[in-house]
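If you use our numbering, the sequence shown closes out at 141, no skipped numbers anywhere.
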Amino acid sequence: MPKNSFVIDYDTEIGEIIVNVVAFNQKTGAGIHLKALWDTGANCCVISETTAKKLKLPNVAEVQMKHANGVAIVNTHMLSLMLPNNLLFKDIRAMSCKPIHHFDMIIGMNVISKGDMAIIHNKAGIKFSFKYPPKLS
């Protein structure tokens with residue numbers, strides 16, 4: 005598998021894709037390991053307010069976030085994100101909100117759309133893969 009790709013194998017049925025990533029403060033270089041949910045229904049990445057504070061991320065702007073429980077005004081931040089294959093994306097916009105269930109971050113379409121994502125089901129189980137850059141035909 006090329007360095008710009010990664011595959012995660014699951015040997016059982018899954019209801020969500022959660023991957024270990026590292027988020028970085030772009031100015032200080034400080035990083036933190038996070039569990040990130042891949043969510044094609046999210047327009048952009050989301051981190052918890054706690055994570056934003058730990059990384060000392062400056063607020064870029066306040067925006068309106070629509071979510072399952074309604075609408076909220078939240079802060080946005082810029083960060084760098086390293087995927088499991090050490091692929092680093094810089095200048096990623098992320099909204100911050102209250103704690104996010106059993107994961108620390110949501111990877112939204114502002115990252116997912118940069119590459120090819122696949123979920124493949126076969127006899128051995130389920131494979132999740134992400135490749136950057138995308139294969140253009």
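Just so you know, even glycine gets a beta-carbon here, dropped at the ideal spot from N, CA and C. Being a predicted model, the structure only gives us computed values, none of them experimental.
- Of the candidates Lys118, Ala34 and Ala65, Ala65 places its Cα closest to the Cα of Asn79.
- The DSSP assignment places 65-71 and 74-86 as complete runs of the beta strand (DSSP E) inside the region 61-86, in order along the chain (cut-off: 3 residues).
- DSSP lists Ile22 and Ile110 as the beta-bridge partner residues of Leu41.
- Shown here, Ile36 sits in a strand according to DSSP, grouped into three states.
- Beta bridge pairing from DSSP links Ser100 with Ile51.
- Ranking Ile111, Phe10, Asp95 and Phe93 by CA distance to the CA of Ala46 puts Ile111 first.
- When the five nearest sequence neighbours on each side are left out, the beta carbons in the same chain lying within less than 8 Å of the beta carbon of Val26 are those of Gly35, Ile36, His37, Leu38, Leu85 and Met86, in order along the chain.
- Residue state for Lys58 is assigned as helix, using DSSP reduced to three classes.
- By the Cβ test, the region 16-30 is in contact with the region 100-111, since at least three Cβ pairs between them sit closer than 8 Å.
- With a cutoff of 7 Å on beta-carbon distance, Pro103 and Phe10 are scored as not near each other.
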